[in-house]
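Engineer:
2 protein chains.
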Amino acid sequence: MDRFVSTFTNKIDAKGRVSVPASFRAVLERDGYAGGIYCYPSLDAPALDCGGERLAKKIDGLLAGLPDYSDERDELSVALYGDVQVLSIDGDGRIVLPEGLRAHASLDAAVTFVGLGDKFQMWEPLRFEKRRAEARNKVQITRKLFGAGKPLISDDDSGNGGARE
Amino acid sequence: MDRFVSTFTNKIDAKGRVSVPASFRAVLERDGYAGGIYCYPSLDAPALDCGGERLAKKIDGLLAGLPDYSDERDELSVALYGDVQVLSIDGDGRIVLPEGLRAHASLDAAVTFVGLGDKFQMWEPLRFEKRRAEARNKVQITRKLFGAGKPLISDDDSGNGGARE
DNA sequence: CGGGCATTCATGGGATAGCATGGGTTAATA
DNA sequence: TATTAACCCATGCTATCCCATGAATGCCCG
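Structure representation (structure tokens):
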């Protein structure tokens, strides 16, 4: 497995810890795990974006293109590096969410991990459900536009809230 | 870890001391720590720029690009080297901020350390919050203008955005 | 084919070490 | 000698580590 896929919902315990889904951890290790996952507030969603070394390099790559001491660079640096947190994973595969990140995504009792290929997001479970429903709608519309045939997902709501496999 | 990442806020005590975040100290040591951190007023922000050997070399590099005895070079030399202070770190990982530097950044009761990759900045906490908000805004706009070359964040998490390499 | 055993994970709690912070004491300087 | 900066120690908090529990899955053997 080398991509983050599917969604999992885990609890936040009294100490603020959450288990990172085992399958995601496996991906991180393959990605050149360097002791922590990179995590920052999504710019346009109440969620957190996370990833491993590959994501970190992407950020570096963006900045590398800009000249030192330019305004652009400064702003991007602040927006990216400044908000990035490196969350270390403990022996049991858990991370602790700092207050700032928790606030941005309104994370409280549980977290939904959403695989997005080469990164993943962390959502407040209810919010994600809403978002997922919207997304599904859009897909349906798109499918109609394309004249695609049968729905991939039947309309029984088998995809319910459980999120666990 | 070999980059300065994420932000920390620490207090200034009665003697004017501040703890440098432990993770930043780790980066400094890896960077070839030579007994102190280089620190000078940011040219375009009410903040201080700090770093280790790598930063010092970068300054050298900038100046090397300009012809000797040019006005530009003189100005830049003064602007950069002139105000540089080498702050030594005590046994407990703390530094003392000289009056001049404190004044430039309006540092008073606390300091926010902002990791920016190969250097970090020290801000008055409230000012930094404002700055961060601005930066996020601008980045969002920039991203939209450019059609976001590589979106670190997909606009639409329904899919695929992140899946691409 | 089915029942029981072993393994993997998520989760909870207790112990411990690291870190930020405050204060006191000694050394350097004018 | 007075003042300031460097050093050392003490404290409380929080993150980190370690172990225990329990559920779920998969495997082996009857």
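Which chain is which? The protein sequence lines are A and B, in order. Quick note on my numbering: the first sequence kicks off at 4 and runs consecutively. Quick note on my numbering: the second sequence kicks off at 4 and runs consecutively. Idealized CB from N, CA, C, for every residue including glycine. Just so we're clear, the structure is a prediction, and the values are computed from it rather than from any experiment.
(1) Along the chain, where does the beta strand (DSSP E) containing LEU51 (chain A) start, and where does it finish?
(2) Between SER228 (chain B) and chain A, is any beta-carbon pair separated by less than 8 angstroms?
(3) In whole angstroms, give me the CA-to-CA distance for GLY55 (chain A) and SER26 (chain B).
(4) Compute the Euclidean distance between the alpha carbons of LEU104 (chain B) and GLY94 (chain A), then round it to the nearest angstrom.
(5) Anything in the stretch 77-100 of chain A with a Cβ closer than 9 angstroms to a Cβ of chain B? List those residues in chain order, please.
(6) Using 8 angstroms as the limit for Cβ to Cβ distance, is GLY120 (chain B) near chain A?
(7) Just checking my contact of TYR41 (chain A) with CYS53 (chain A) at CB under 8 angstroms: how many whole Å lie between their CB atoms?
(8) Just checking my contact of ARG20 (chain A) with ILE98 (chain A) at CB under 8 angstroms: how many whole Å lie between their CB atoms?
(9) Rounded to a whole number of angstroms, what is the C-alpha to C-alpha distance between ALA136 (chain A) and PRO44 (chain A)?
(10) By the three-class DSSP mapping on this structure, what secondary structure does VAL117 (chain B) have?
(11) So, at 7 angstroms on beta carbons, what are the nonlocal neighbours of ASP5 (chain A) in its own chain, with the 5 sequence-adjacent residues on each side left out?
(12) So which residues of chain B does LEU66 (chain A) contact, with C-beta pairs closer than 8 angstroms?
(13) Looking only at DSSP bridge pairs, what is PHE123 (chain A) linked to?
(14) Here's the rule I'm using: 16 or more other beta-carbon atoms within 10 Å means buried, otherwise exposed. How should VAL89 (chain B) be labelled?
(15) With H, G and I counted as helix, E and B as strand and the rest as coil, what does DSSP make of LEU148 (chain A)?
(16) With LEU51 (chain A) and LYS122 (chain A) assumed to form a contact (beta carbons below 8 angstroms), what rounded beta-carbon distance in angstroms separates them?
(17) Please state if the CB of GLY120 (chain A) and the CB of PHE7 (chain A) are separated by a distance shorter than 8 angstroms.
(18) When we look at the beta-carbon of ILE62 (chain A) and count the other beta-carbons within 10 Å, is it buried (16 or more) or exposed?
(19) Work out the CA separation of VAL81 (chain B) and LEU83 (chain A) for me, nearest whole Å.
(20) Give the secondary structure of ARG6 (chain B) by DSSP, where H, G and I count as helix, E and B as strand, and everything else as coil.
(21) Within a Cβ cutoff of 7 angstroms, which residues of the same chain sit near ALA112 (chain A), ignoring the five residues on either side of it in sequence?
Structural biologist: Straight from the coordinates:
(1) 51-54
(2) Missing from the structure shown is residue 228 (chain B); chain B here goes from 4 to 168 and no further.
(3) 18 angstroms
(4) 42 angstroms
(5) ASP77, GLU78, LEU79, SER80, VAL81, ALA82, LEU83, TYR84, GLY85, ASP86, VAL87, GLN88 and VAL89
(6) yes
(7) 7 angstroms
(8) 7 angstroms
(9) 22 angstroms
(10) strand
(11) VAL30 and ARG33
(12) GLY120
(13) A:CYS53 and A:GLY118
(14) exposed
(15) helix
(16) The Cβ separation is near 10 angstroms, so there is no contact.
(17) yes
(18) buried
(19) 30 angstroms
(20) coil
(21) LYS14 and ILE15
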